[in-house]
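Visitor:
In the working numbering, the protein residues as written are 6 to 87.
Have a look at this one:
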């Protein structure tokens with residue numbers, strides 16, 4: 006199922022998701038990123054907690070919204086041996 010919020014500052018989609026989960030006994034929800042719960046990180050956390058409490062389960066965030074480092078990983082030239 007996909008629930009989409011079409012209007013800014015509304016929670017109709019979140020409420021519909023909660024009702025659907027309750028009606029079908031769903032206890033685990035997977036979302037691609039926390040941004041799919043809300044564009045604002047603080048409100049995404051609040052939405053996640055509210056959904057988890059409402060369904061009595063877990064909301065799984067697949068990918069972090071943290072931006073990857075622009076620097077490549079550091080690798081020792083000698084393989085790390087001293």
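Each residue gets a CB set at the ideal place from its N, CA and C atoms; glycine is no exception.
1. For residue 65, write down the residues that DSSP places opposite it in a beta bridge.
2. Skipping 5 residues on each side, what residues in its chain have a beta carbon closer than 6 Å to that of residue 34?
3. How big is the Cα-Cα spacing for residue 50 and residue 39?
4. For a test of the three-state rule: what should DSSP assign to residue 53, helix, strand or coil?
5. Report the CB separation of residue 26 from residue 60 in whole angstroms; it is logged as a contact under 8 Å.
Guide: With the structure as the only source:
1. 35
2. 64
3. 8 Å
4. helix
5. 4 Å
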